[in-house]
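Each remark here refers to the structure printed beneath this line.
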Amino acid sequence: MVKQFEGLPREMIAMRASKEIKDGDYVNLGIGIPTLISNWIEGRDIILQSEIGMTKTGPLASGDYVDQDLINASCQPVMQMPGTAYFDIFQSFSMIRGGYMDIIAMGALQVNDRGDYAGWSNPARGLDLVGNIGGSMDLCAGANKLIICMEHTTPNGDLKIVKKLTYPATTKGKVNMIFTDLAVLEVTPKGLLLKELFPGMTPDDVQSVTGPKLIIAEDLKEIQL
Amino acid sequence: MIDKSVSTTEEAIAEIQDGAVIAIPGFFAAGVPRILLQALIKKGVKDLTLACGCGPLLGASEELKQLVLNKQIKKVIDSYGLYRSATKGAADPFEQAVRAGEIELEVYPMGTLAEKYRAGGAGIPAFYTSTGVGSVVEEIVITNIHENRAKKETRMFDGKKYILEHALKTDFAFVHAYMGDKEGNLRYRRTARNFNHVMATAGKVTIAEVENLVDPGELDSEDVHTPGVYVQRIVQVPRVTYAITID
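Residue numbers (my numbering), protein chains in the order written: chain L, 1 to 225; chain X, 1001 to 1247.
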């Protein structure tokens, strides 16, 4: 099978997702497409928290600014900002688990219409139960708003928005919104609401690559960039 | 005068025997006690349990490779202990040993691990957290060794489910710090701090490698991140430049 529809590039998925963040928000960005959100919020009053132990994480560092003692959760060198604070891992996860992050953005392997998502373990790797959890579950536990940024399907065209997770869950019932290359969706008590779609696509197109039955928003529009 | 300093890393780890449980701080490439790990390799002690936090052995990959080749590791505890890339992982001796059941890998969420070490050093035997509810973490201990998949307990508080997790105390803790004085007071630099403090408190014997060893009074009291009460040995090491990557 092959990927059926071409939509937004990764950077633009991140750009659309960045519009969900309000000035003054404290935000944590997971590995993958969410990390690209940092490119779109420079100059805005948004404070990035890095789980390694830092608030007001600056942009990626290069040249003379690279400091091996100053990295983000993806092990990339970053910059300090005026207003940056450093603290230890216990403090970091206290503020995360304690609900002080306004928005958490994560990537995912699969998401369902009840707001469950899987991302920490791929059984195809053949490692039985073990995988890399990192901070993902803590971030979900403390999130006030949890958004997923991912491709709508895998490169092979396999569904990622599914009725039932087949990969081990990271969390259940906590996802609020999903941003993909093809659509913007909201998890609601009634089901998965299709709010925006890639220009040129129809709701049927999006439904054809989505497992659960979609509710089509009355004010359905093109992805608002 | 209190002087916890020793001249060599060999002396610093002299008490470590086979079977020791050692806390290893570091978040990927930052704040990893690489020189002490090198001393551990040279000493040749075996059946070690390395209690980590977030992939310090992926950061110190040369040291990990050597420990695995020497068959010195019995078990690793971590939240993120495997290479992100499945292809790279398949070729990695550590992952191969985990796959073969030769090394045990016990996995926890990172915040749960942070709290386990903190509780261990703070006299709190166990705690409840909602992290992991809705995943297999709420059911069993995650490990590749089937017999060790102990069942977890959960409890409701205010209508919400929480998982009971236990404190983690270790025989030894390695620490990497930017500066330490001879009474064991430590100061870290930027994000190299990460797990160092909580592990210093959780280890019965805490051994610190510091880039700058100073006399008491030279590390400003307002700047002490880990009070010396938690530290038993301190040794000066060079500040080594390393690749900032886990790939």
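Every residue, glycine too, gets a C-beta built ideally from N, C-alpha and C.
As the structure is a computational prediction, the values presented were derived from the model and not from experiment.
If you reduce the DSSP assignment to three classes, tell me which class residue i lands in.
{"i": "GLY1180(X)", "result": "strand"}
{"i": "ARG1149(X)", "result": "coil"}
{"i": "PHE90(L)", "result": "helix"}
{"i": "LYS190(L)", "result": "coil"}
{"i": "ILE1013(X)", "result": "coil"}
{"i": "LYS226(L)", "result": "It is not possible to answer for residue 226(L), since the shown part of chain L is limited to 1 through 225."}
{"i": "MET1156(X)", "result": "strand"}
{"i": "ALA217(L)", "result": "strand"}
{"i": "ILE1246(X)", "result": "coil"}
{"i": "GLN1096(X)", "result": "helix"}
{"i": "GLU6(L)", "result": "coil"}
{"i": "HIS1166(X)", "result": "strand"}
{"i": "TYR1230(X)", "result": "helix"}
{"i": "SER1221(X)", "result": "helix"}
{"i": "SER136(L)", "result": "helix"}
{"i": "ALA1020(X)", "result": "coil"}
{"i": "ARG278(L)", "result": "Since the first and last residues shown for chain L are 1 and 225, residue 278(L) lies out of range."}
{"i": "ILE37(L)", "result": "helix"}
{"i": "LYS1116(X)", "result": "helix"}
{"i": "MET1199(X)", "result": "helix"}
{"i": "ALA1208(X)", "result": "strand"}
{"i": "GLU1138(X)", "result": "helix"}
{"i": "ASP1171(X)", "result": "strand"}
{"i": "VAL1190(X)", "result": "Sequence inspection shows Arg at residue 1190(X); the Val mentioned does not correspond to that position. Helix, per DSSP."}
{"i": "TYR1005(X)", "result": "Strictly speaking, residue 1005(X) in this sequence is Ser, with Tyr absent from that position. If DSSP states are grouped into helix, strand and coil, SER1005(X) belongs with the strands."}
{"i": "ALA143(L)", "result": "coil"}
{"i": "MET1110(X)", "result": "helix"}
{"i": "GLN224(L)", "result": "coil"}
Drop a sphere of 10 angstroms on the beta-carbon of residue i, count the other beta-carbons inside from all chains shown, and report buried for 16 or more, exposed for fewer.
{"i": "GLN110(L)", "result": "buried"}
{"i": "SER1079(X)", "result": "buried"}
{"i": "THR170(L)", "result": "buried"}
{"i": "GLN1017(X)", "result": "exposed"}
{"i": "ASP1283(X)", "result": "Residue 1283(X) lies beyond the range of chain X shown here (1001 to 1247); nothing can be said about it."}
{"i": "PRO82(L)", "result": "exposed"}
{"i": "LEU1069(X)", "result": "exposed"}
{"i": "HIS152(L)", "result": "buried"}
{"i": "ALA124(L)", "result": "exposed"}
{"i": "PRO34(L)", "result": "buried"}
{"i": "GLY157(L)", "result": "exposed"}
{"i": "GLN1232(X)", "result": "buried"}
{"i": "HIS1176(X)", "result": "buried"}
{"i": "ASP1247(X)", "result": "exposed"}
{"i": "ARG1193(X)", "result": "buried"}
{"i": "LEU225(L)", "result": "exposed"}
{"i": "ASN72(L)", "result": "buried"}
{"i": "PHE1157(X)", "result": "exposed"}
{"i": "LYS1248(X)", "result": "Absent from the model: residue 1248(X). The displayed extent of chain X is 1001 to 1247, so no value can be given."}
For residue i and chain X, any beta-carbon pair shorter than 9 angstroms?
{"i": "TRP40(L)", "result": "no"}
{"i": "MET137(L)", "result": "yes"}
{"i": "GLU222(L)", "result": "no"}
{"i": "CYS149(L)", "result": "no"}
{"i": "ASP88(L)", "result": "yes"}
{"i": "ILE216(L)", "result": "no"}
{"i": "MET101(L)", "result": "no"}
{"i": "ARG125(L)", "result": "yes"}
{"i": "ALA141(L)", "result": "yes"}
Is it true that the CB of residue j sits closer than 9 angstroms to the CB of residue i?
{"i": "GLY135(L)", "j": "GLU51(L)", "result": "yes"}
{"i": "GLY58(L)", "j": "MET101(L)", "result": "no"}
{"i": "LYS1042(X)", "j": "LYS1071(X)", "result": "no"}
{"i": "GLU1104(X)", "j": "VAL1076(X)", "result": "yes"}
{"i": "ILE1013(X)", "j": "LEU1050(X)", "result": "no"}
{"i": "GLY1203(X)", "j": "LYS1161(X)", "result": "no"}
{"i": "LEU193(L)", "j": "GLU186(L)", "result": "yes"}
{"i": "THR1226(X)", "j": "ALA1122(X)", "result": "no"}
{"i": "LEU1219(X)", "j": "ILE1234(X)", "result": "no"}
{"i": "LEU1036(X)", "j": "GLU1209(X)", "result": "yes"}
{"i": "LYS1152(X)", "j": "ILE1163(X)", "result": "yes"}
Using a Cβ-Cβ distance cut-off of 9 angstroms, determine whether residue i contacts chain L.
{"i": "MET1179(X)", "result": "no"}
{"i": "ILE1246(X)", "result": "yes"}
{"i": "LEU1082(X)", "result": "yes"}
{"i": "GLY1159(X)", "result": "no"}
{"i": "ALA1029(X)", "result": "yes"}
{"i": "VAL1136(X)", "result": "yes"}
{"i": "MET1001(X)", "result": "no"}
{"i": "LEU1105(X)", "result": "yes"}
{"i": "GLY953(X)", "result": "Here chain X comprises residues numbered 1001 to 1247, so residue 953(X) is not present and cannot be evaluated."}
{"i": "GLU1095(X)", "result": "yes"}
Residue i CB to nearest chain B CB: under 9 angstroms?
{"i": "GLY134(L)", "result": "Absent here is chain B; the protein component of the structure consists of chains L and X."}
Less than 8 angstroms separating the Cβ of residue i from some heavy atom of the ligand ATP?
{"i": "GLY1217(X)", "result": "Ligands displayed in this structure: none; no statement on the ligand ATP is therefore possible."}
> Quick one: complete alpha helix (DSSP H) runs, 4+ long, within the region 45–113 of chain L?
Replying inline: 89–97
> In the region 1027–1092 of chain X, which residue ranges form an unbroken beta strand (DSSP E) of at least 3 residues, counting only runs that do not cross its ends?
Replying inline: 1048–1051 and 1073–1078
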